[in-house]
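Pasting the structure below:
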C-alpha cells in the first residue's frame, strides 16, 4: 500500500458506518413515533367505548338519560343519547390529539335494553 491509502480507506469505512447507523436510528425513531400514535388512537377508541358502556348502564337505570361528559383514563368521553326507541348513543373519545367515535343503537322495551348495533363512526 502506498502512504495515505490506509487513511483514505479508514475515512471511507467510517463514513459508510456513520451513514448506516444514522439511517437505522432514523428508522427506529420513525417506528417509535408511529407506535406511539397508534397507542394514543387506540386509547381514544377505548375511551369512546367506555363512554358507550357507561351510557348503556345509565339508560338501564334512567330511560330519560341524555348524556354527559366523563374523564376516563386521561381521556374525555362526550356522550349523547338521543331518540326514544331506538335510542342512539354517540360516544366521542378524545385522547391527546386523537378523536374516535362509537355509535350504539339500542331498543328499550318493557324494561329490557337490547343493543342492536355497535359500530365506530368516522
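In our numbering, the protein residues as written are 1 to 122. Note that the Cβ used here is the ideal one computed from N, Cα and C, for glycine as well.
Rounded C-alpha distance that separates residue i from residue j
i, j, result
"residue 55", "residue 69", "11 angstroms"
"residue 113", "residue 37", "36 angstroms"
"residue 6", "residue 19", "20 angstroms"
"residue 53", "residue 97", "23 angstroms"
"residue 65", "residue 73", "23 angstroms"
Reduced DSSP category for residue i - H, G, I as helix; E, B as strand; rest coil
i, result
"residue 66", "coil"
"residue 36", "helix"
"residue 54", "helix"
According to DSSP, residues forming a beta bridge with residue i
i, result
"residue 93", "77, 100"
Whole-number beta carbon distance between residue j and residue i, since they are thought to touch under 8 angstroms
i, j, result
"residue 47", "residue 95", "6 angstroms"
Close-in-space but distant-in-sequence residues of the same chain around residue i (CB under 7 angstroms, 5 per side omitted)
i, result
"residue 60", "113"
Own chain partners of residue i with C-beta closer than 8 angstroms, once the 5 adjacent residues on each side are dropped
i, result
"residue 101", "48, 90, 91, 92, 93, 120, 121, 122"
6 angstroms CB neighbourhood of residue i in its chain, flanking five on each side removed
i, result
"residue 105", "86, 88, 116, 117"
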